[in-house]
Structure formats: structure tokens, C-alpha cells
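If you're matching positions, the sequence shown starts at 1 in UniProt numbering and goes up one per residue. All residues carry an ideal CB built from backbone N, CA and C; glycine is no exception.
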Amino acid sequence: MSTIHHHSEKEEKLPLVDTQGRVIGMALRSEVHNGTDKPLHPVVHLQVVKNGGVWLQKRPLHKLVQPGKWDTAVGGHISYGESVELSLQRESEEEIGINPIGAISIGKYIWESDLERELVYVFVLKHDGEIQPNPEELDGGKVWQINEIEENLGKGVFTPNFEHEFRQFKYEITKAIR
Numbered sequence: 001m002s003t004i005h006h007h008s009e010k011e012e013k014l015p016l017v018d019t020q021g022r023v024i025g026m027a028l029r030s031e032v033h034n035g036t037d038k039p040l041h042p043v044v045h046l047q048v049v050k051n052g053g054v055w056l057q058k059r060p061l062h063k064l065v066q067p068g069k070w071d072t073a074v075g076g077h078i079s080y081g082e083s084v085e086l087s088l089q090r091e092s093e094e095e096i097g098i099n100p101i102g103a104i105s106i107g108k109y110i111w112e113s114d115l116e117r118e119l120v121y122v123f124v125l126k127h128d129g130e131i132q133p134n135p136e137e138l139d140g141g142k143v144w145q146i147n148e149i150e151e152n153l154g155k156g157v158f159t160p161n162f163e164h165e166f167r168q169f170k171y172e173i174t175k176a177i178r
């Protein structure tokens with residue numbers, strides 16, 4: 001099932017999964033984002049609840065996907081051979097400088113864009129401590145109140161993926177705020 005290509009050793013190896021999340025192969029990062037085959041690969045998202053709202057990151061303008069848009073606090077690929085939980089911890093520390101201890105799994109869904117197809121594992125965490133956005137990974141962030149998010153849906157402010165996820169998991173996210 002896995003494909004073998006000549007490539008640089010530095011390029012990230014990602015697992016390919018079935019719709020249940022079982023690993024069925026391996027591909028390079030460039031192969032899962034080329035918009036042709038769009039093999040299903042797993043990612044983690046962390047919705048961070050803080051100060052009565054949801055902390056969102058601003059995607060840097062240099063990013064290939066959805067530059068300059070507001071997005072889920074933490075999002076990243078699960079590496080080949082890595083567990084969902086380990087990936088969540090690594091990405092949370094890399095992107096916003098927090099340990100996601102106490103994060104609750106609220107579900108998973110398949111997201112398909114022009115470039116790729118992802119199996120997204122979604123977690124929510126109530127976090128009152130400091131958030132330290134990594135300037136190499138994101139363009140800062142801020143807390144959005146639920147009504148502010150709702151008022152801006154469909155206006156090109158957020159990534160389409162965040163909008164889908166917010167609509168699907170609004171109940172779980174709002175519950176974590178209380």
C-alpha cells in the first residue's frame with residue numbers, strides 16, 4: 001500500500017489511514033497535499049477555551065493553505081508511527097507553548113479541500129494559563145466570544161475547516177466554556 005519515491009530524508013513521513021483511523025500505508029507530506037490522489041491522512045485539532053471564549057490562531061500569510069485566516073488554536077499532522085495523543089502534545093507545545101493535559105476528545109470527521117483529505121481528531125481544552133504563540137508557526141492569536149464567531153461565519157474571516165468544525169462541535173465547545 002505504501003509508495004516509495006526518491007526523496008530527501010528531511011521530508012515528513014505521514015501515515016495513510018482508512019475512515020476508522022487504521023494505518024494502511026505511508027506517504028510523504030508533499031504527496032498528500034498535491035490535490036491529485038488526496039489520500040486520507042490523520043491530523044489533530046485542539047479547540048482552546050479561555051476567558052469565556054475560544055482562542056483562535058491567525059494563520060501566517062506565507063502558509064500555503066488559507067493564509068491570513070483565523071483558525072483552530074492547534075492543528076497539525078500526525079507523524080508516521082506517532083499516536084494521536086503524542087501528536088496533540090507535540091503540536092500544542094510547538095504552536096502555542098502549552099501542555100494539553102486534560103484535553104477531552106470530542107470526535108473526529110473527514111475534511112476534504114482542493115488540496116487534501118484529512119481525518120481530523122478534535123479535542124477541547126479549558127486553559128486559563130498563558131498561551132505563547134510560536135511566531136514561526138502562526139501570526140499570533142486571540143480569544144473570540146461565541147457570538148463574535150457566529151457573526152463572522154461565512155464572511156471569509158475564518159478557514160472553511162474551522163467553520164465546519166465549529167458548526168459540528170459548537171455544543172461541546174460551548175459546554176467546555178461553562
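Simplified DSSP assignment, three categories, for HIS41: Strand, per DSSP.
Buried versus exposed, by CB contacts within 10 Å (16 or more), ARG167: Residue burial is scored here from C-beta neighbours: ARG167 has fewer than 16 other C-beta atoms within 10 angstroms and is therefore classed as exposed.
Rounded C-alpha distance that separates VAL143 from ASN161: Rounded to whole angstroms, the separation of the alpha carbons of ASN161 and VAL143 is 18 Å.
Alpha-carbon to alpha-carbon, GLY75 and ASN134: The C-alpha of GLY75 is placed about 13 Å away from the C-alpha of ASN134.
Same chain, Cβ closer than 6 Å to PHE40, neighbours up to 5 away in sequence not counted: Here the sequence assigns Leu to residue 40, which means Phe is not the residue at that position. Contacts found: VAL17, ARG117, LEU119.
VAL157 beta carbon less than 8 Å from that of TYR121: No, Cβ-Cβ distance for TYR121 and VAL157 is not below 8 Å.
Three or more C-beta pairs below 8 Å linking the segment 35-52 and the segment 123-137: At 8 Å Cβ cutoff, the stretches touch.
Beta-bridge pairing of residue 182 - partner residues as DSSP gives them: Residue 182 lies beyond the range of the chain shown here (1 to 178); nothing can be said about it.
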